[in-house]
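Quick notes on the structure that follows.
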Amino acid sequence: MDVPAVMSDDYVKIDVGAVDEFPVGTFKVVNVEGSMEIGILRREDGRWLGLRNACPHHLAPICRGQVSGTMLPAEEGSVEFVYGMDGQIIRCPWHGYEYNLDSGHSVMDSAPGRLRLFEVEPDGGRVLLRMKQRVSA
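In terms of the numbering used here, the sequence shown opens at residue 6 and continues consecutively.
What follows is the structure in structure tokens.
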């Protein structure tokens, strides 16, 4: 499927579908530029997110992972933990590494790399994914 693009400076906005094609709280994976899978998430708080569908650890399809929260220390230096960050964490479906959907960084320092995030915005009933333009040689 060819998707129309709107260019500005070094970025391109790619139309990835109609707003109503994206259910709240689950990823819809779209193929961009013929080779890159991007998961689009319409979050329960109204924000949108684009995420490359590859875990930095072993390239698992991260968008198949569960979006939830995680256990956090109750206080700095505490041995007690409480559940927090609900809806802000994605857990890799293969090895369980947890990543913050706002920053792309792992929750635990032992997890390798970080997620590749993209800006997504609804515009006139359509969903636009903002990506850096690729330069042709």
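Every residue, glycine too, gets a C-beta built ideally from N, C-alpha and C.
Taking the straight line between their C-alpha atoms, what separation do you get for residue i and residue j?
i      : j      : result
VAL8   : ILE19  : Confidence is the limiting factor: at VAL8 the pLDDT is only 48, short of 50, which leaves the residue's position unreliable, though a coordinate-based value still follows. So the alpha carbons of these two residues sit roughly 7 Å apart.
LEU134 : PRO66  : 19 Å
ASP15  : PHE123 : 14 Å
TYR81  : GLU38  : In the sequence on display, residue 81 carries Glu and not Tyr. Those two C-alpha atoms are separated by around 44 Å.
ALA59  : VAL84  : 33 Å
SER40  : ASP50  : 30 Å
TYR102 : SER111 : 7 Å
MET90  : LEU77  : 9 Å
ALA142 : ALA79  : Since pLDDT at ALA142 reaches only 47, below the 50 mark, its modelled position is unreliable, and the value read off the structure follows with that caveat. So the two alpha carbons sit approximately 53 Å from each other.
Give the single residue among the options whose Cα lies nearest to the Cα of residue i.
i      : options                      : result
GLY55  : ILE45, HIS63, LEU64, GLU49   : ILE45
PHE86  : THR75, ARG48, ASN36          : THR75
ASP107 : PRO117, GLN93, CYS97, ALA116 : GLN93
Who does residue i pair with in a DSSP beta bridge?
i     : result
TRP53 : ARG47
GLN71 : ARG96
ALA79 : Bridge partners of ALA79: none, in fact.
For residue i, report the span of its beta strand (DSSP E) as first-last.
i      : result
ASN105 : 103-105
LEU122 : 122-128
Do we get a CB-CB distance below 7 Å when we pair residue i with the residues of chain B?
i     : result
PRO78 : Here there is only one protein chain, and chain B is not present.
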